[in-house]
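Novice: Here it is, the structure in full.
2 protein chains.
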Amino acid sequence: MDLKVKLVDISTGRKVVLLNNSDALHIGVRPHDRIKVKTSKKELTVIVNITDSYVNQGEIGITPSLKKFFNCNSGETMEITTTGRSSSMDYIHKKMKGENLNYKEIHAIIGDIVEGNLSELEIAAFVLSQQFVGMSLDEIEHLTRSMVETGEKIDFDEPAFDKHSVGGVPGNKVSLLIVPIVAAAGLLIPKTSSKAITSPSGTADTMEVLAPVSFKADELQELVKKTRGALVWGGALNLAPADDLIIQVEHPLRIDPVSQMIASIIAKKYSVGVDNMVLDIPVGPGTKMENMEEGENFANTFVEIGKRLKIASYCGLTYGGQPVGHAVGPALEAKEALEALMGGGPTSLIEKSTALAGFLLELGGVAPENKGQDYAKEILRSGKALKKMQEIIEAQGGDSKVKPEDISIGEHVAGVEAKADGYVTQVNNKNITRIAQAAGAPLDKGAGVILNYKIGYKVSKGDKLLSIYAEKESKLREATVIATRSYPIIVEGMLLQKLPKFGGKIS
Amino acid sequence: MDLKVKLVDISTGRKVVLLNNSDALHIGVRPHDRIKVKTSKKELTVIVNITDSYVNQGEIGITPSLKKFFNCNSGETMEITTTGRSSSMDYIHKKMKGENLNYKEIHAIIGDIVEGNLSELEIAAFVLSQQFVGMSLDEIEHLTRSMVETGEKIDFDEPAFDKHSVGGVPGNKVSLLIVPIVAAAGLLIPKTSSKAITSPSGTADTMEVLAPVSFKADELQELVKKTRGALVWGGALNLAPADDLIIQVEHPLRIDPVSQMIASIIAKKYSVGVDNMVLDIPVGPGTKMENMEEGENFANTFVEIGKRLKIASYCGLTYGGQPVGHAVGPALEAKEALEALMGGGPTSLIEKSTALAGFLLELGGVAPENKGQDYAKEILRSGKALKKMQEIIEAQGGDSKVKPEDISIGEHVAGVEAKADGYVTQVNNKNITRIAQAAGAPLDKGAGVILNYKIGYKVSKGDKLLSIYAEKESKLREATVIATRSYPIIVEGMLLQKLPKFGGKIS
């Protein structure tokens, strides 16, 4: 069938064309089916989307990326023919039936995801089948390698070290201490990190308060030549690009299958030339690992897949039942991290950071086994970590002389008070996250939450349990409403609600 | 955030708005997230799609259906605010975790599917979790009731009978015999059927060769008052509309979970007032039930759910390993059915049709138990079924005097010859289907395949195994290529392929 090109200004990130409903009916294709599109010079297999009105009968809607591929103009003729199913969809189907996939099959799926040959729906089927059916160690290895091979790879001329967290705990600014400690000890730590997807601040969001974080691969190589350490955003490096495309379907479905999580972490680290790494696995209510057993299984699989890709790793199961330190939100966290580098800061932040940094010092042979944390603490105490952080900030283009009090925090502030005397028995990560996000984090850098009290603290009625900071008054209002309704911090003996809300006596 | 309306001419069937990437980033929403959209008069929660270019920063893309809802114009201001997650997505998530859903939860999901409040991705998660986790009998009952309650319902003043097939076998034109047999026996059989989704001809496609099939609910009621039977397309009746929306994700993913299949059949039948039905469950390679055990489990669940909705049912497990009769494709099948009503026709078609019709005669008390098929055969032999079919064709607006030779068949014909002497050992349903579809079925009514030989037939080299009919020469060529490559009919002893294809001697 011959159709006339209509240029449509929609970017989908996929090889998609729009057909009019009647044309689709005529050639017997349905949404998500594939057709072959042909001009005199080129041909390509694409996914069909169908519209009742946006392109007329006899027209084919061509997106900007396909216009570029075909170098075609409005009104030009294209021939379309129906075509068979994508073989990666056959493989996804095989996985859905519970069978194991081999390297070739997984590589085809990941390649098609990166090339835009699979629809969101088909990627979802792949991720959901991982969730429901699970994957063998071999399959996770294939998945990891395929994700690496379909992206860029950076090499350093010496062993590189890194730290990663599985996530789920707000306020986890430990990388801002670990990187300078490890770099100060002489090891190479080119840390790439993400911006927040579901948290109030990713490490890249927090670091961005102190210095720029967007660098290209060669710039990152230059950076660490000078400073031995860096804290950059991984998003600009095109590492394992399948990962971001997969996250686009995981996020709305709120799923995060273990196999995909492990492949995604290791692929990103392998792509950036990491040979040794430590993984922080927070365990506890509200994190991704509900209990120790889940955490241990995850750690064992992770270490095994790491080994297969020649990455030596230690996993640290850490307590994730409440935020690390007191601050949640980019600027508040950057401030707290800087305070800790300067000799202050909360114990939970220092303990966790030096424990994980210590693992890396041991892996790098800088500290004897089980002495890593002592060495890390000494580097922190001596001021060497602070000096290294200042070098890193300067190298990345920030102000190395920045002091905690220089960091600008949202000017609109509200507090939530304790309604009774007692001890804090529970801090709810998810509610803290929701409040910080409602206040504007991570996009409003100055927005966030300070927890004045954490589990075990004694409070008196009227004490301010937490303070909310926002850059915009309307956001502060939204956050305050959530805070008063959601009980992010629970004091034992506190009355949570009186019911019925109105009246109560039977009239 | 305030945005200016830009009207976009895209119909998605869902409550979707387009936001520019930077605005979405600013308020922290991602594709598939939900936002609340507000004008001075109305507000609505909608799903976010994100574009880099199609709407500019500061604009909100409004589809025709939302323009209608808000009664808004281009350039008008709308306020958007972020909003929590949809509670039906919470329920879907619960199912994904393996928990059972209650009536309220399933009803909320189905309601949101029908209302356009769930994205395709979210519907896919629901269907895939049915596939992977399975559903209890109670859940299937809730699902069925919810699908009925979210659509139209038709009532007849007396018990109604119906027949349905699970599908998977090409050439299954049995309804064109069953309906007139049952109606001739005095029972009410207002049969609604579907057009082909994956087959070369749905019952509605085949019947449409003989008479119009699109009727509204009141027209269907009028029809069966006169004739006691009808063969209409269910699509115009808005019965259980959730079903079509769910099929839209099942089709590209090629899944068809048992729970959804059963709920969908019973919901459609319940909506059209059916009290007694027979279900044809083809079993065998290439059908939806690979073996008898699967078929039996399906049948038992079906009967139980039917009972709960007060529908009495018999299930017939039938041999589905090759097409029913010889003809595949709308016109060819209509012709074969008419021949059978006139006293000719292939045994397999007559046996299957009278067996299933017999079940209905028994359910309706017209025939004693185990005598239904004899009664059905007698109604067929006597010519009463043909007379009834002519009445039905006339009532639906067709030509009641139509003869098999009047039916117009595609004029382009090709054959596939046997390459050796022997017996037919295998007929491949899926390949027959692909050939008929490539020839143009079901949209080209005259396109299709005649199987001249079926399993067990003796053939001599050079005999024509099958004939392909097409309305367009190009389609005939495509179909012939598939036929010569795919071995739809296998003769024992036949050489399938010689390898390597070129050369063979080691040079």
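Chains U and P are the protein sequences, given in the same order. Going left to right, the first sequence walks through residues 343 to 849 as the numbering used here numbers them. Going left to right, the second sequence walks through residues 343 to 849 as the numbering used here numbers them. Glycine included, each C-beta is placed from N, C-alpha and C at the ideal position.
1) Check whether the segment 769-782 of chain P touches the segment 508-516 of chain P, taking contact to mean three or more Cβ pairs, one atom from each stretch, closer than 8 Å.
2) Could you say which of Ile797/P, Gln473/P, Glu759/P and Leu674/P lies nearest to Val791/P if we only look at CA atoms?
3) Quick check on the DSSP output: the beta strand (DSSP E) that includes Pro532/U runs from which residue to which?
4) Which residues in chain U sit within 9 Å of Val600/P, going by Cβ to Cβ distance?
5) Along chain U, which residues have their Cβ under 9 Å away from the Cβ of Leu595/P?
6) What residues from the segment 391-410 of chain P come within 8 Å of chain U, judged by C-beta to C-beta, listed N to C?
7) Would you call Gly403/U buried or exposed, if buried means 16 or more other Cβ atoms sit within 10 Å of its Cβ?
8) For the beta strand (DSSP E) containing Gly403/P, name the first residue and the last one.
9) Tell me which residues of the segment 763-797 of chain U have at least one Cβ-Cβ distance to chain P shorter than 7 Å, keeping chain order.
10) Only counting runs of 4 or more residues, tell me where the alpha helix (DSSP H) segments fall wholly within the segment 408-470 of chain U, in order along the chain.
11) For a minimum of 3 consecutive residues, which ranges assigned as the beta strand (DSSP E) are wholly contained in the segment 497-555 of chain U?
12) Counting only C-beta atoms, is Val833/P closer than 8 Å to chain U at any point?
13) Would you say His368/P reaches chain U, if we count a Cβ-Cβ gap shorter than 8 Å as a contact?
14) Report buried or exposed for Arg427/P, applying the criterion of at least 16 other Cβ atoms within 10 angstroms of its Cβ.
15) Could you tell me which residues DSSP pairs with Gln768/P in its beta bridges?
16) What alpha helix (DSSP H) runs, 4 residues minimum, are completely inside the segment 670-755 of chain P?
17) Quick one: which residues of the segment 467-500 of chain U get their C-beta closer than 8 Å to a C-beta of chain P? List them in chain order.
18) For chain P, is any of its Cβ atoms less than 8 Å away from the one on Ile377/U?
19) So which of Leu808/U, Arg376/U, Ala553/U and Pro532/U has the shortest CA-CA distance to Gly739/U?
20) Looking at the secondary structure, which residues open and close the alpha helix (DSSP H) in which Ile608/U lies?
21) Would you verify that the beta carbon of Asp351/P is, or is not, closer than 8 Å to some beta carbon of chain U?
22) Please classify Pro542/P as buried or exposed, where buried requires at least 16 neighbouring CB atoms within 10 angstroms.
23) Using a beta-carbon distance below 8 Å, is Ser849/P in contact with chain U?
24) Which term fits Arg487/U, buried or exposed, when burial requires 16 or more other beta carbons within 10 angstroms of its beta carbon?
25) 8 Å is my cut-off, CB to CB: does Gln715/U come that close to chain P?
26) Please list the terminal residues of the continuous alpha helix (DSSP H) segment that includes Thr381/P.
27) Buried or exposed for Ala669/P, please, with buried defined as at least 16 other CB atoms from any protein chain shown within 10 angstroms of its CB.
28) Can we say the segment 812-820 of chain P touches the segment 692-704 of chain P, given the rule of at least three CB pairs closer than 8 Å?
29) Anything in chain U within Cβ reach of Val591/P, meaning under 7 Å, just list it in chain order.
30) Please report the distance separating the alpha-carbon of Ala778/P from that of Lys537/U.
31) Is Leu463/U closer than 8 Å to Pro599/P when the C-beta atoms are compared?
32) As a quick exercise: from Ile589/P, Glu635/P, Ala737/P and Leu408/P, pick the residue whose alpha carbon is nearest that of Ala572/P.
33) Tell me which residue opens and which closes the beta strand (DSSP E) that Asp344/P is part of.
34) Just to confirm the assignment, what range does the alpha helix (DSSP H) spanning Pro594/U have?
35) When you compare the segment 781-789 of chain U with the segment 797-817 of chain U, are there three or more beta-carbon pairs, one atom per stretch, that lie closer than 8 Å?
Specialist: According to the structure shown:
1) yes
2) Start at 1 with the first residue of the second sequence, and residue 791/P comes out as number 449. Here the closest residue by C-alpha is Leu674/P.
3) Looking up residue 532/U in the first sequence gives position 190. It spans Ile531 to Ser535 - the beta strand (DSSP E) in which Pro532/U sits, taken as one unbroken run.
4) Walking along the second sequence from the start, residue 600/P turns up at place 258. In chain order: nothing, as chain U lies at least about 14 Å away.
5) By 1-based counting over the second sequence, the position of residue 595/P is 253. His374, Met431, Ile434, His435, Met438, Leu463, Glu464, Ala466 and Ala467, listed in chain order.
6) Thr393, Asp394, Ser395, Tyr396 and Pro406
7) By 1-based counting over the first sequence, the position of residue 403/U is 61. Label assigned to Gly403/U: buried.
8) Within the second sequence, numbered from 1, the residue matching residue 403/P stands at position 61. Start and end: Glu401 to Ile404.
9) Gln779 and Leu785
10) 429-438 and 445-457
11) 502-507 and 531-535
12) Translated into the one-based positions of the second sequence, residue 833/P becomes position 491. It does not; no Cβ of chain U falls within 8 Å.
13) Working through the second sequence from its first residue, we reach residue 368/P at position 26. Yes, its Cβ sits closer than 8 Å to a Cβ of chain U.
14) By 1-based counting over the second sequence, the position of residue 427/P is 85. By the 10 Å Cβ count, Arg427/P comes out exposed.
15) Locating residue 768/P in the second sequence gives position 426, where the first residue counts as 1. Answer is Ile832/P.
16) 672-683, 689-705, 714-723 and 726-737
17) Ala467, Leu470, Ser471, Gln473, Phe474 and Val475
18) Translated into positions along the first sequence, residue 377/U becomes position 35. No, because no Cβ of chain P sits closer than 8 Å to the Cβ of Ile377/U.
19) Mapped onto the first sequence, residue 739/U falls at position 397. Of the listed residues, the one whose Cα sits closest to Gly739/U is Ala553/U.
20) Locating residue 608/U in the first sequence gives position 266, counting from the first residue. Ile608/U -> alpha helix (DSSP H) spans Val600 to Ser613.
21) As a working note, residue 351/P is residue 9 in the second sequence. Yes, because at least one Cβ of chain U sits closer than 8 Å to the Cβ of Asp351/P.
22) On the second sequence, position 200 is the one that residue 542/P refers to. That one is buried.
23) For this step, residue 849/P is matched to residue 507 along the second sequence. Its pLDDT being 47, under 50, Ser849/P is placed unreliably in this model, and the value from its coordinates should be taken loosely. Chain U contact via Cβ: absent.
24) In the first sequence, counting from the first residue as 1, residue 487/U sits at position 145. That one is buried.
25) Position 373 of the first sequence, counted from the first residue, corresponds to residue 715/U. It does not: the Cβ of Gln715/U has no partner Cβ on chain P nearer than 8 Å.
26) Counting from one through the second sequence, the residue named residue 381/P turns up at place 39. It is not in any alpha helix (DSSP H) - Thr381/P carries neither H nor E in the DSSP assignment.
27) Within the second sequence, numbered from 1, the residue matching residue 669/P stands at position 327. By the 10 Å Cβ count, Ala669/P comes out buried.
28) no
29) Residue numbering aside, residue 591/P sits at position 249 when the second sequence is read from its first letter. Residues of chain U passing the Cβ test: Leu463.
30) Your numbering for residue 778/P matches position 436 in the second sequence. Your numbering for residue 537/U matches position 195 in the first sequence. Cα to Cα, Ala778/P sits roughly 52 Å from Lys537/U.
31) Reading the second sequence from its first residue, position 257 is the one you call residue 599/P. Reading the first sequence from its first residue, position 121 is the one you call residue 463/U. No.
32) Taking the second sequence and counting its residues from 1, one reaches residue 572/P at position 230. Cα-wise, what sits closest to Ala572/P is Ala737/P.
33) Position 2 of the second sequence, counted from the start, is the residue given in the question as residue 344/P. Its beta strand (DSSP E) spans residues Asp344 to Leu349.
34) Taking the first sequence and counting its residues from 1, one reaches residue 594/U at position 252. That run of the alpha helix (DSSP H) goes Ala584 to Leu595.
35) yes
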